[in-house]
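S.K.: Below you will find the structure I want to go over with you.
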Amino acid sequence: MSDLARPAGPKIIAVANQKGGVGKTTTTINLGAALAELGCRVLVVDLDPQGNASTGLGIEPEDRGLTTYELLLDDTELHAVVQKTSVERLMIIPATVDLSSADIELIANEKRSYLLHDALRQAAMDDFALDFILIDCPPSLNLLTVNAMVASHSVLVPLQSEFFALEGLSQLMLTIREVRQTANPHLRIEGVVMTMYDARNNLSQQVESDARDNLGELVFNAVIPRNVRVSEAPSYALPVLQYDGSSKGAAAYRELARELLQKNAKMAA
Ligand code: ADP
Ligand code: MG
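Numbering (full-length UniProt numbering), first residue to last: 1 to 269.
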């Protein structure tokens, strides 16, 4: 990834939307796999106590060992929490249900919003030679999500192609603004990606055109279709690119990865 001149370390992206079931985890896993396929070294940080990204990348609960919980609350070093996945160049810090108490435990910590930021800036980070870190956020705007936004350079927002999709966005944008005004003035919006798009459905088209009217260039050209192979892949513990690389879902995530790289190369230039 030499064309991505970024001496300051990996680009860190929070994948966030406080709505559940909009495609955050699916996008984290598959965008990660698509970037890895393009030669990038990628770390997924599972920041959702449901641990769906961990499961989807084949890390069984009994193999999760030290997790994001220990990374955040026990000052655990990166080498102890980062695990390989079956996908070359794609790594993960897994999560378990333990993380569900973190939101409350964090409140008493005076560095509560900065714990992930500090953890991802350990000197040992250099050893992994990462190009990207993708943080899979929980479906809430809680302290875990704030930690992700404080730790990140940008926020990637999956938007489900359904009615009311845009409604939740103002709350998310407000949180991003608050984080900018306090802990992370440089936080950007990486973009909004339409997920579970059904081209035969007028509603999908309507939501997409509303999103493009309202958000303009923030919306990625790449659109992720509703695709049964995408939904099947996690039960085989694989990204869709590995499960069925010729599916429409795999093609869409490859396109998203290429677009993301292009955007970032432009910004670095
Ligand atoms: P979130 O992390 O935002 O809660 P998920 O990524 O877990 O959302 O997706 C919610 C559900 O929708 C999952 O069952 C997932 O497999 C399914 N899903 C996500 N994206 C697609 C898609 N493009 N096509 C079909 N099913 C999808
Ligand atoms: Mg999820």
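Glycine included, every Cβ here is placed at the ideal spot set by N, Cα and C.
(1) Can you check whether the CB of M91 is closer than 9 Å to the CB of V15?
(2) Roughly how many angstroms separate the alpha carbons of R226 and G249, rounded to a whole number?
(3) Just curious, the alpha helix (DSSP H) that V179 is in, first and last residue?
(4) So, are the CB atoms of A34 and Y253 less than 9 Å apart?
(5) Which of the three DSSP states is assigned to R258 in this structure?
(6) At what residues does the beta strand (DSSP E) containing R188 begin and finish?
(7) I'd like to know if the region 152 to 172 and the region 52 to 64 are in contact, where contact means that at least 3 CB-CB pairs between them fall below 8 Å.
(8) Would you grab the beta carbon distance between residue 277 and E70 for me? Rounded to a whole angstrom, and I think it's under 8 Å.
(9) From the DSSP secondary-structure annotation, give me the bridge partner or partners of V219.
(10) Compute the beta-carbon to beta-carbon distance between V240 and S247, rounded to the nearest angstrom, for a pair I have assumed lies under 8 Å.
(11) On the CB-based measure, 16 or more other CB atoms within 10 Å of its CB, does P10 come out buried or exposed?
(12) Do you know offhand how far R112's Cα is from D118's?
(13) Where does the unbroken alpha helix (DSSP H) through A228 begin, and where does it stop?
(14) Any chance you could list the residues with Cβ under 5 Å from a heavy atom of the ligand ATP, keeping chain order?
(15) State yes or no: is the C-beta of D127 within less than 9 Å of the C-beta of L72?
(16) For the alpha helix (DSSP H) holding M149, just list the boundary residues, first then last.
(17) In three-state terms, what does DSSP make of M1?
(18) Helix, strand or coil for R6 per DSSP?
(19) Return the CA-CA distance between D198 and D210, expressed in angstroms with no decimal places.
(20) Apply the 10 Å Cβ neighbour rule to residue 349 and answer buried if 16 or more other Cβ atoms are within range, or exposed otherwise.
(21) In or out: I107 buried (at least 16 other Cβ within 10 Å) or exposed?
(22) Can you tell which of T195, D213, Y243 and R258 has the C-alpha that lies nearest to the C-alpha of G21?
M.R.: Short version:
(1) Using a Cβ distance threshold of 9 Å, V15 and M91 do not count as a contacting pair.
(2) Cα-Cα distance, rounded: 8 Å.
(3) Residues L169 to Q181.
(4) Yes; because the gap between Cβ atoms is below 9 Å, this pair is in contact.
(5) Under the three-state reduction of DSSP, R258 is assigned to helix.
(6) R188 -> beta strand (DSSP E) spans R188 to T195.
(7) They do not touch, by the three-pair rule.
(8) No information on residue 277 is available, as it lies outside the stretch 1 to 269 that the chain covers here.
(9) DSSP, once it has assigned bridges, lists V192 as partnering V219.
(10) About 6 Å separates the two Cβ atoms, so the contact holds.
(11) A buried status is given to P10, since no fewer than 16 other beta-carbon atoms sit within 10 Å of its beta-carbon.
(12) D118 has its alpha-carbon roughly 11 Å from the corresponding atom of R112.
(13) What sits at residue 228 in the sequence shown is Val, not Ala. That run of the alpha helix (DSSP H) goes V228 to E232.
(14) Absent from the structure shown: the ligand ATP. Ligands present: the ligand ADP and the ligand MG.
(15) Contact flag unset, no.
(16) Note, M149: alpha helix (DSSP H), L143 to A151.
(17) With a pLDDT of 46 at M1, under the threshold of 50, the predicted position of this residue should be treated as unreliable, though the coordinate-derived value follows. Judged by DSSP in its simplified three-state form, M1 adopts coil rather than helix or strand.
(18) With a pLDDT of only 47 at R6, under the threshold of 50, the placement of this residue in the model should not be trusted; the figure read from the coordinates follows. R6 sits in coil when the DSSP states are folded into three classes, being neither helix nor strand.
(19) One C-alpha to the other measures close to 15 Å.
(20) Missing from the structure shown is residue 349; the chain here goes from 1 to 269 and no further.
(21) Only exposed fits I107, as fewer than 16 other CB atoms lie within 10 angstroms of its CB.
(22) Measuring from the Cα of G21, the nearest candidate turns out to be T195.
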